[in-house]
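Participant:
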Amino acid sequence: MQGNIKPVRDPEKVYVDTYTWLPISKVNARALRSALAYGEAPSEAKIIDTHVRVPRKFLPQSKLQRLGEVVVRPYNFPKHNVESKTTLRPYQVDPLNSMLQSKGGILKLGCGYGKTVLSLNFIARKGLKAAVVLGNTSLLAQWKGEINKHLEIDPERVGIVQGSNWQWEDHDIVLISLATLSRRAKDNRIPEGFCESFGVVIYDEAHHLSAPMFSKTCPLFPGERHGLTATPKREDGLEQVFINHLGPVHFSKVEQELIPTCLFVKTDLCAEERMELDRNSPKDSRVILD
Numbered sequence: 001m002q003g004n005i006k007p008v009r010d011p012e013k014v015y016v017d018t019y020t021w022l023p024i025s026k027v028n029a030r031a032l033r034s035a036l037a038y039g040e041a042p043s044e045a046k047i048i049d050t051h052v053r054v055p056r057k058f059l060p061q062s063k064l065q066r067l068g069e070v071v072v073r074p075y076n077f078p079k080h081n082v083e084s085k086t087t088l089r090p091y092q093v094d095p096l097n098s099m100l101q102s103k104g105g106i107l108k109l110g111c112g113y114g115k116t117v118l119s120l121n122f123i124a125r126k127g128l129k130a131a132v133v134l135g136n137t138s139l140l141a142q143w144k145g146e147i148n149k150h151l152e153i154d155p156e157r158v159g160i161v162q163g164s165n166w167q168w169e170d171h172d173i174v175l176i177s178l179a180t181l182s183r184r185a186k187d188n189r190i191p192e193g194f195c196e197s198f199g200v201v202i203y204d205e206a207h208h209l210s211a212p213m214f215s216k217t218c219p220l221f222p223g224e225r226h227g228l229t230a231t232p233k234r235e236d237g238l239e240q241v242f243i244n245h246l247g248p249v250h251f252s253k254v255e256q257e258l259i260p261t262c263l264f265v266k267t268d269l270c271a272e273e274r275m276e277l278d279r280n281s282p283k284d285s286r287v288i289l290d
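Note that the working numbering has the sequence shown beginning at 1, numbered continuously upward.
See the structure below:
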């Protein structure tokens, strides 16, 4: 949130805050508006005075620098001393390093790779007040349990934002209901200073953010934005909606090593007799034949 004071921007410079602001004299505003229009929704490229406002990660840093000097708005995010008490497994080290180096974006990991544990280790390593935005309210208690299990943190320092319950001030990690955040954003009823207090924001199941109501939450936070999902690609093709705000996929690993299990069944029958018995038995009671 920008407050009530209208910022003065140099028409020759690029600005980055919760959005990216491109000098209108150096871009094709019409093309940008077309590129950032999805279905019946208004274009996400908006002309405001001397600049075109676009999602923060729509263009990579290299392209921004070609347009002129890039001015990144500074923020003073609260810090914490939370430490991890869990040692990552070898296959989790590379994804964590990718998160630390990416400055935002999508972590694409399949089931079983420990996206929750990775995210909590990331929060500990960053040392900044963090928010985790959850689409399923049943996950609030689950994430809180994982926080207490994997992090050295006072449970009283873990807040929850759901419905009318807004525990965010004086908390190091805040678990946020996506539905609650979306409704408050739509009604312009988010508490002052709330979004600016988080240096790190992690969206669980980030592929849901392309929904029109949920996508409005993407540009709220000025801190690093990270998304977790095993399936960033959507059937409707609208994954670019959240990628433009959070950043591209910076690490991907969804395949899983298949390890066969061998079972030995001792019987008084020879193999031929056992197979013949299976052929004459219901499928769900067969021992050898499928």
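Every residue, glycine too, gets a C-beta built ideally from N, C-alpha and C. In this text, all values refer to a predicted model and were calculated from it rather than measured experimentally.
By the three-class DSSP mapping on this structure, what secondary structure does residue 53 have?
Facilitator: strand
Participant: Threshold first: 3 residues or longer. Then list the beta strand (DSSP E) segments lying entirely within the region 23-99, N to C.
Facilitator: 46-48, 51-55 and 70-72
Participant: Note the first and the last residue of the continuous alpha helix (DSSP H) segment covering residue 239.
Facilitator: 239-246
Participant: I'd like to know whether the C-beta atoms of residue 108 and residue 201 end up nearer to each other than 8 Å.
Facilitator: no
Participant: Please confirm whether residue 82 and residue 153 have their CB atoms less than 8 Å apart.
Facilitator: yes
Participant: My parser needs the alpha helix (DSSP H) runs of 4 or more residues fully inside the region 150-219; what are they?
Facilitator: Within the region 150-219, the complete alpha helix (DSSP H) segments of 4 residues or longer fall at 178-186 and 212-215, listed in chain order.
Participant: Take every Cβ of the region 112-120, pair it with every Cβ of the region 135-148, and state whether three or more of those distances are shorter than 8 Å.
Facilitator: yes
Participant: Taking the beta strand (DSSP E) that residue 252 belongs to, which residues open and close that run?
Facilitator: 249-253
Participant: Going by DSSP, what residues sit across from residue 131 in a beta bridge?
Facilitator: 174 and 201
Participant: What does DSSP give as the partner residues of residue 21 in its beta bridges?
Facilitator: Paired residue(s): 15 and 53.
Participant: Quick one: is residue 206 buried, meaning 16 or more other Cβ sit within 10 Å of its Cβ, or exposed?
Facilitator: buried
Participant: Quick check on residue 368: buried or exposed, where buried means 16 or more other Cβ atoms within 10 Å of its Cβ?
Facilitator: Residue 368 lies beyond the stretch modelled for the chain, which goes from 1 to 290, so this question has no answer here.
Participant: Could you give the C-beta distance for residue 242 and residue 209, rounded to a whole number, given that I count them as a contact under 8 Å?
Facilitator: 4 Å
Participant: So the candidates are 44, 178, 49 and 37; which of them puts its Cα closest to the Cα of residue 25?
Facilitator: Looking at the Cα atoms, 49 is the closest of the given residues.
Participant: Could you check the C-alpha separation between residue 61 and residue 167 for me, to the nearest Å?
Facilitator: 35 Å
Participant: Look up residue 235 in the DSSP assignment and say whether it is helix, strand or coil.
Facilitator: Reduced to three states, the DSSP call for residue 235 is coil.
Participant: May I ask you to report which of helix, strand or coil DSSP gives residue 9?
Facilitator: coil
Participant: In or out: residue 270 buried (at least 16 other Cβ within 10 Å) or exposed?
Facilitator: The residue in question, residue 270, is exposed, as its Cβ has fewer than 16 Cβ neighbours within 10 Å.
Participant: Beta-carbon within less than 6 Å of residue 13's beta-carbon, same chain only, minus the 5 sequence neighbours each way: which residues are those?
Facilitator: 68, 69 and 71
Participant: Tell me, please, which residues DSSP counts as bridged to residue 118.
Facilitator: Paired residue(s): none; residue 118 is not in a bridge.
Participant: Which residues in the same chain have their Cβ closer than 6 Å to the Cβ of residue 36, if we skip the five residues on either side of it in sequence?
Facilitator: 43, 44 and 45
Participant: Got a sec, what are the start and stop residues for the beta strand (DSSP E) residue 103 sits in?
Facilitator: From DSSP, residue 103 is part of no beta strand (DSSP E); its letter is neither H nor E.
Participant: Compare the beta carbon distance of residue 160 and residue 181 with 8 Å and say whether it is the shorter of the two.
Facilitator: no
Participant: Only counting the same chain, and skipping five residues up and downstream in sequence, which positions put a Cβ closer than 6 Å to that of residue 126?
Facilitator: 200
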